[in-house]
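Okay, structure first, notes after.
Protein chains in written order, with this note's numbering: chain A, 1 to 136; chain B, 137 to 428.
Put into structure tokens, the structure is as follows:
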């Protein structure tokens with residue numbers, strides 16, 4: 001069996017477990033150089049989950065966390081406690097037999113409440129305001 | 137004087153949108169201003185954000201989904217060549233950030249499908265946070281029907297829910313037939329609107345007053361013509377007036393637009409004008425270079 005075939009067969013629960021392990025590790029070493037070891041692995045596992053299980057409800061929550069952590073490498077600024085909160089949230093979600101839309105919504109809002117900016121992308125809508133200010 | 141710690145804040149579209157979408161420095165500015173205080177928006181403000189941002193993101197989704205578009209890069213090229221307003225250009229700021237964070241290849245046809253999924257998930261999340269991040273005043277004097285169009289996305293087939301939302305949000309004839317903007321303007325707030333039109337007629341037109349005068353000219357036409365002059369297109373032009381009139385008077389209206397400086401005092405609406413994003417970003421850059 002090729003390495004590619006092995007990757008294709010990895011299950012949702014295996015990937016989720018890897019993500020949980022990395023979050024747990026990050027909760028013990030955030031802010032230290034060692035955190036990069038787990039951030040790198042976390043990012044790869046998140047992408048694997050996205051690529052293989054995009055329409056699974058847990059993926060939606062993981063991608064919200066992904067965007068908060070990996071836009072402009074903001075993972076480096078989150079605290080140990082925040083990683084622990086993310087770990088607790090995702091492990092609780094993963095234990096649910098079925099994850100419905102309201103569980104997904106609650107989880108994303110919980111991430112926001114824990115200080116994860118899940119909409120980190122910056123857009124300037126009022127570009128015309130720049131012009132009007134220049135006229136002042 | 138109102139105790140600052142108990143002050144409730146009603147956010148104009150410009151401020152609510154900035155808290156969701158602005159650059160980090162500008163978001164930080166507002167976070168420092170409001171800290172843990174209660175922030176409110178209305179259905180009407182939600183509608184304005186959906187109209188100015190969410191619906192354009194959905195349009196981009198369908199550009200990317202076209203069978204004649206092979207890659208993310210093709211979709212960006214088409215969008216940037218054909219759509220030029222600031223609201224449409226904003227999509228070109230979001231898309232590269234979102235897809236780069238997901239390490240998608242902009243010229244790879246294989247990554248197009250991933251990009252569609254990532255964008256659908258982002259749209260769903262944006263709508264959720266818009267709906268839940270702020271408290272709702274639950275004052276819905278205009279009964280704006282567009283504001284209530286639901287966005288239901290099944291990630292197994294996102295296109296269906298996105299199209300349904302676009303269809304319903306774009307059906308302005310149906311939405312207008314159900315809203316009460318005419319009663320809101322011509323009955324409930326007629327005196328205030330006559331007053332605003334009168335004030336505008338005495339102002340010189342300059343950079344500060346231009347926005348307010350344009351709003352007042354539209355209000356004047358509504359007064360002259362009546363309910364038939366009220367439609368969703370017109371509502372787009374008088375949005376700041378609707379927001380000011382619909383704001384709870386016990387709350388401070390937070391805004392960045394000059395027009396509120398003229399709209400709020402005559403109706404005794406407490407308000408505060410925040411600096412523009414450009415001004416805050418420039419100040420942060422100057423501070424950073426001073427420390428460097």
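Even for Gly, the Cβ is constructed at its ideal location relative to N, Cα and C.
query	result
Enclosing beta strand (DSSP E) for residue 202 of chain B [first to last residue]	Segment: none, residue 202 of chain B is in no beta strand (DSSP E) and carries neither H nor E.
Residue ranges of each alpha helix (DSSP H) within the stretch 300-385 of chain B, 4 or longer	308-314, 326-337, 346-361, 368-373 and 375-382
Nearest neighbour of residue 295 of chain B, chosen from B/400, B/252 and B/156 [CA to CA]	B/252
Neighbour-count burial assignment, residue 375 of chain B, 16 or more Cβ in a 10 Å radius	buried
From B/266, B/192, B/148 and B/169, residue whose alpha carbon lies closest to that of residue 221 of chain B	B/192
When B/171, B/287 and B/254 are compared against residue 237 of chain B, the one with the closest alpha-carbon	B/254
Which listed residue (A/110, A/123, A/122 and A/93) has its alpha carbon closest to that of residue 269 of chain B	A/110
Meets three-Cβ-pair contact criterion under 8 Å: the stretch 81-99 of chain A and the stretch 48-58 of chain A	yes
Contact set between the stretch 142-163 of chain B and chain A, restricted to residues whose Cβ is under 9 Å from the partner	150, 153, 154, 156, 157, 158, 159, 160, 161, 162 and 163
Identified DSSP bridge partners for residue 388 of chain B	B/145
Span of the alpha helix (DSSP H), counted from its first residue to its last, around residue 250 of chain B	246-268
Which of helix, strand or coil DSSP assigns to residue 53 of chain A	coil
Pick from B/313, B/293, B/286 and B/290 that is closest to residue 302 of chain B, judged by C-alpha positions	B/286
Three or more C-beta pairs below 8 Å linking the stretch 144-163 of chain B and the stretch 379-389 of chain B	yes
Proximal chain B residues relative to residue 138 of chain A, where beta-carbon distance stays under 8 Å	Because chain A spans 1 through 136 in this model, residue 138 of chain A falls outside it and cannot be assessed.
4 or more residues per run - each alpha helix (DSSP H) lying fully within the stretch 60-103 of chain A	80-95
Whole-angstrom distance between residue 71 of chain A and residue 93 of chain A, CA atom to CA atom	24 Å
Inter-residue spacing [alpha-carbon to alpha-carbon] between residue 202 of chain B and residue 190 of chain B	19 Å
Beta-carbon proximity check, residue 384 of chain B vs residue 275 of chain B, cutoff 8 Å	yes
With 16 other Cβ atoms within 10 Å as the buried cut-off, status of residue 187 of chain B	buried
Partner residues on chain A for residue 239 of chain B, Cβ-Cβ distance less than 8 Å	47
Under the three-state DSSP convention, the category residue 272 of chain B falls into	strand
Residue 282 of chain B beta carbon less than 8 Å from that of residue 311 of chain B	yes
Status (buried if at least 16 other CB within 10 Å, exposed otherwise) for residue 289 of chain B	buried
Contact list for residue 31 of chain A against chain B, beta-carbon separation under 8 Å	Those do not exist, as residue 31 of chain A stays about 19 Å from chain B at its closest Cβ, beyond 8 Å.
Within-8 Å CB hit, residue 114 of chain A to chain B	no
Spatial distance of residue 386 of chain B from residue 175 of chain B (CA atoms)	13 Å
Simplified DSSP assignment, three categories, for residue 171 of chain B	coil
Candidates B/182, B/407, B/233 and B/359, of which the one nearest residue 323 of chain B by Cα	B/359
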